[in-house]
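The structure under discussion appears below in the form of structure tokens.
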Amino acid sequence: LGESRPGVVDEDSDVQAERDRINTTDANSLKTSDSIVVKNLKKYYDNFLAVDEICVSVAQQECFGLLGQNGAGKTTTFKMLTGDVIPTSGNAWLDSHDIKHEMKTVQRNLGYCPQFDALIDQMTGRETLTMFARLRGVSESQVKNVVVDLLDIMMLRQYADKECGTYSGGNKRKLSTAIALIGDPQFVFLDEPTTGMDPGARRQLWNVLSQVRASGRTLVLTSHSMEECDALCTKIVIMVNGRFVCCGSSQHLKNKFGQGYTLICNMKNSEDGSHVSTEPLKQFLCTAFPSTKIFDDHQGYCHFQIMDKNVSLGKVFGAMESTKQKYNVEDYAIHQATLEQVFLSFTRNQVSPKEEVQDGMCKQMCCCVLCCCS
Ligand SMILES: Nc1ncnc2c1ncn2[C@@H]1O[C@H](COP(=O)(O)OP(=O)(O)OP(=O)(O)O)[C@@H](O)[C@H]1O
Ligand SMILES: [Mg+2]
1 LGESRPGVVD
11 EDSDVQAERD
21 RINTTDANSL
31 KTSDSIVVKN
41 LKKYYDNFLA
51 VDEICVSVAQ
61 QECFGLLGQN
71 GAGKTTTFKM
81 LTGDVIPTSG
91 NAWLDSHDIK
101 HEMKTVQRNL
111 GYCPQFDALI
121 DQMTGRETLT
131 MFARLRGVSE
141 SQVKNVVVDL
151 LDIMMLRQYA
161 DKECGTYSGG
171 NKRKLSTAIA
181 LIGDPQFVFL
191 DEPTTGMDPG
201 ARRQLWNVLS
211 QVRASGRTLV
221 LTSHSMEECD
231 ALCTKIVIMV
241 NGRFVCCGSS
251 QHLKNKFGQG
261 YTLICNMKNS
271 EDGSHVSTEP
281 LKQFLCTAFP
291 STKIFDDHQG
301 YCHFQIMDKN
311 VSLGKVFGAM
321 ESTKQKYNVE
331 DYAIHQATLE
341 QVFLSFTRNQ
351 VSPKEEVQDG
361 MCKQMCCCVL
371 CCCS
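One point on numbering: in UniProt numbering, the residue at position 98 of the sequence shown is 98, and numbering is uninterrupted.
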């Protein structure tokens, strides 16, 4: 098996501590204290290492969020835990049942919303949910109510008797999420559940998932929305090239890895309606706070990153208050580093999987110039 690991990012001390705890603690005591235990789980697709010896534990009633760029290995991790993909090595326990020998029991306790909807186009939403309710062992007298409740909470009532094949992308996601929740499983795995959902539906789903968690269930979620992870996840890991690089609550990650402040300035308009130049403001800030980076500047919005943790918030406010008239700043906002900034600071190290290119030929037969001629 190939061990070429371009773009390997060092794992943070929290990830190492988690790895050490899982590898040195007695397996039985881990299985009783944690709802999910993942131990050195690894997956190769041919000689491409998609998931690299990850370790993590998730307590009951936790919402665990897996973040990472496209291709980081999130879905592969999910699929190993749900039995869709066989791990190359390592193991995991869900409620003390291991995925190598007790997958049937694991699956009985688990609801899964896959990244890509696996619906039967000719069945209606109601028929689909009824079928899954029966498959999951909901008692016949309860099936109708369970299905109606799910259609209601997922805001699908008006589409209930339409064929799934005619559903919009967002409504298909709602139905796939409803399938994952059927039968009130102990574990709910949701791979990008809100992709394509409108903002109202997204927030409704957040409420539902918060209630599911409050009722004692353990959730595992991937999302490309940092807002969603902030709102839902109690524990987050960021994955880069198949490895976990940092781990903790959203606030912990912001405190530990967030650098300084974000300053967003909205410039005044000049008399002819155009925005005034941002150059004098940029020069001022870069001189007053040498760690300043200009993140974005267009349409009168200027976005700065003041990277120095030792600069106090008061000092930045003071500087802005005393100069905003002079530099024609209409208004401004200063805030702590966001989860998105933490995410970007880690994921900029992700490299595309060079292992897929062998001897100048792309294994996937894509015929692309970039792959085959680089
Ligand atoms: N069946 C497969 N065969 C070969 N390679 C695969 C297979 N499935 C995934 N991969 C590769 O493994 C890597 C991880 O893929 P995965 O789908 O787990 O990423 P992801 O983090 O879920 O990405 P996204 O955010 O785009 O969903 C990618 O480089 C992908 O091309
Ligand atoms: Mg994925």
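Backbone N, C-alpha and C fix where the C-beta goes; we use that ideal spot for every residue, glycine too.
Closer than 7 Å: residues whose CB approaches a heavy atom of ligand 2: Going down the chain, each residue whose beta-carbon is closer than 7 Å to a heavy atom of ligand 2 shows up: K74, T75, Q115, D191, E192 and T222.
Burial state of D52 (16 or more Cβ within 10 Å): Result: buried.
Reduced DSSP secondary structure (H/G/I, E/B, other) of E3: Low confidence applies to E3: its pLDDT is 45, below 50, so where it sits in the model is not reliable, and the reading given next is rough at best. Correct three-state label for E3: coil.
Cβ-based neighbour list, S345, same chain, cut-off 8 Å, excluding 5 preceding and 5 following: Excluding the 5 residues flanking it on each side, S345 has same chain C-beta neighbours closer than 8 Å at F257 and Q259, in chain order.
I'd like the list of long-range same chain contacts for N328, defined as Cβ closer than 7 Å, with 5 residues on each side in sequence excluded. Contacts found: M267, K268 and V276.
Candidates D12, D272, A337 and L263: which alpha carbon is nearest C296's? Before going further, note that residue 296 is Asp rather than Cys in the sequence given. Scanning D12, D272, A337 and L263 for the CA closest to the CA of D296 turns up L263.
May I have the straight-line CA-CA distance separating G65 from I99, to the nearest angstrom? Spanning the alpha carbons of G65 and I99 requires a straight line of approximately 20 Å.
Kindly indicate which residue of K43, D14, L81 and I294 has the alpha-carbon position closest to the one of Y261. Distance check between Y261 and each of K43, D14, L81 and I294 places I294 closest, using alpha-carbon atoms only.
Among residues of its own chain, excluding the 5 on either side of L313, which ones have a beta-carbon nearer than 6 Å to its beta-carbon? Counting only Cβ-Cβ distances below 6 Å, and skipping sequence neighbours, we find nothing.
Can you tell me whether T105 is helix, strand or coil according to DSSP? Correct three-state label for T105: helix.
Can the beta-carbon of T194 be found less than 7 Å from the beta-carbon of R202? Yes; because the gap between Cβ atoms is below 7 Å, this pair is in contact.
Can you tell me whether residue 379 sits near ligand 1, meaning its C-beta is under 6 Å from at least one heavy atom of the ligand? Missing from the structure shown is residue 379; the chain here goes from 1 to 374 and no further.
I99 in three-state terms, based on DSSP: Looking at I99 - three-state DSSP - the assignment turns out to be coil, as it is neither helix nor strand.
If the criterion is Cβ atoms closer than 7 Å, does the pair M320 and Y301 meet it? Cβ atoms of M320 and Y301: not closer than 7 Å.
Starting from R243, follow the beta strand (DSSP E) in both directions and report where the run begins and ends. Here the beta strand (DSSP E) through R243 covers R243 to G248.
Could you give the distance in angstroms between the alpha-carbon of E140 and the alpha-carbon of F132? C-alpha separation (whole angstroms): 12 Å.
Give a single yes or no on whether G68 has its beta carbon closer than 6 Å to a heavy atom of ligand 1. Set against 6 Å, the gap from the CB of G68 to the closest heavy atom of ligand 1 is smaller.
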